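*Asks:*
Numbering (our numbering), first residue to last: 7 to 143.
(1) Residues in the same chain with beta-carbon distance under 8 Å from residue 54, minus the five sequence neighbours each way, listed in chain order, please.
(2) Would residue 113 and residue 56 be called neighbours here (beta carbons separated by less than 8 Å)?
(3) Indicate whether the contact test is met: 3 or more Cβ pairs, each with one atom in the stretch 81–93 and one in the stretch 36–52, closer than 8 Å.
(4) If you drop the 5 nearest sequence neighbours on each side, which residues of the same chain put their C-beta closer than 7 Å to that of residue 41?
(5) In three-state terms, what does DSSP make of residue 69?
(6) Output the distance between the C-alpha atoms of residue 131 and residue 62, rounded to the nearest integer angstrom.
(7) Quick one: grab the DSSP three-state call for residue 84.
(8) Select from 59, 121, 124 and 111 the residue whose C-alpha is nearest the C-alpha of residue 142.
(9) How many angstroms separate the CA atom of residue 75 from the CA atom of residue 135?
(10) Sorted by chain position, which residues of the same chain lie with C-beta nearer than 6 Å to residue 24's C-beta, five sequence neighbours on each side aside?
(11) Got a sec, what are the start and stop residues for the alpha helix (DSSP H) residue 56 sits in?
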């Protein structure tokens with residue numbers, strides 16, 4: 007059975023995080039809107055990767071950008087960790103003065119890490135490493 011429906015889910019998961027980083031920046035000082043955008047982004051990325059469990063891990067398909075069972079496992083670990091830390095940071099970041107750019111950099115970092123884990127070639131890994139380094143520094 008072919009899983010053409012799922013072919014773009016890994017790319018969509020990564021792009022959801024990057025586009026949401028841009029949308030969080032547009033939200034400006036509206037903290038509740040920033041939290042909703044960031045929370046929705048990490049949950050959408052997690053859901054897109056969770057939908058790949060059956061075709062990749064059970065049926066042995068290799069999806070889109072070379073997502074196999076091992077890379078999906080690590081992608082799910084990243085998505086779960088990103089979601090947990092995102093929701094934890096709602097309360098934690100209330101104490102910080104630099105809340106404005108936090109979720110922008112956080113989502114870029116999350117997208118970079120997920121991109122590294124799900125990439126199938128060295129060029130994309132290098133690009134995602136650069137994005138991740140920029141966001142982390």
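Quick reminder that beta carbons are idealized off the backbone N, C-alpha and C, glycines included. These numbers come from a predicted model, not from an experiment.
*Replies:* Short version:
(1) Taking the first residue of the chain shown as position 1, residue 54 is located at position 48. Answer for residue 54: 15, 16, 18, 19 and 22, listed in chain order.
(2) Locating residue 113 in the chain shown gives position 107, where the first residue counts as 1. Locating residue 56 in the chain shown gives position 50, where the first residue counts as 1. No, Cβ-Cβ distance for residue 113 and residue 56 is not below 8 Å.
(3) Contact between the stretch 81–93 and the stretch 36–52 is present, because at least three Cβ pairs lie under 8 Å.
(4) Position 35 of the chain shown, counted from the start, is the residue given in the question as residue 41. These residues qualify, in order along the chain: 96.
(5) Residue 69 sits at position 63 when you count from the first residue of the chain shown. Three-state result, residue 69: strand.
(6) As a position in the chain shown, residue 131 is number 125, starting the count at 1. As a position in the chain shown, residue 62 is number 56, starting the count at 1. Residue 131 and residue 62 have their alpha carbons spaced roughly 21 Å apart.
(7) For the purposes of this step, residue 84 is taken as the residue at position 78 of the chain shown. For residue 84, the secondary structure class from DSSP, reduced to helix, strand or coil, is helix.
(8) As a first step, residue 142 must be located in the chain shown, where it is residue number 136. Among 59, 121, 124 and 111, the Cα nearest to that of residue 142 is on 111.
(9) The count along the chain shown starts at 1 and reaches residue 75 at position 69. The count along the chain shown starts at 1 and reaches residue 135 at position 129. Spanning the two alpha carbons is a distance of roughly 22 Å.
(10) Here residue 24 is taken as the residue at index 18 of the chain shown, counted from 1. Only residues of its own chain outside the window of five on either side were considered, and among them 117 have a CB closer than 6 Å to the CB of residue 24, listed in chain order.
(11) Residue mapping note: residue 56 aligns to position 50 of the chain shown, counting from 1. Counting along the chain, the alpha helix (DSSP H) containing residue 56 begins and ends at 37–56.
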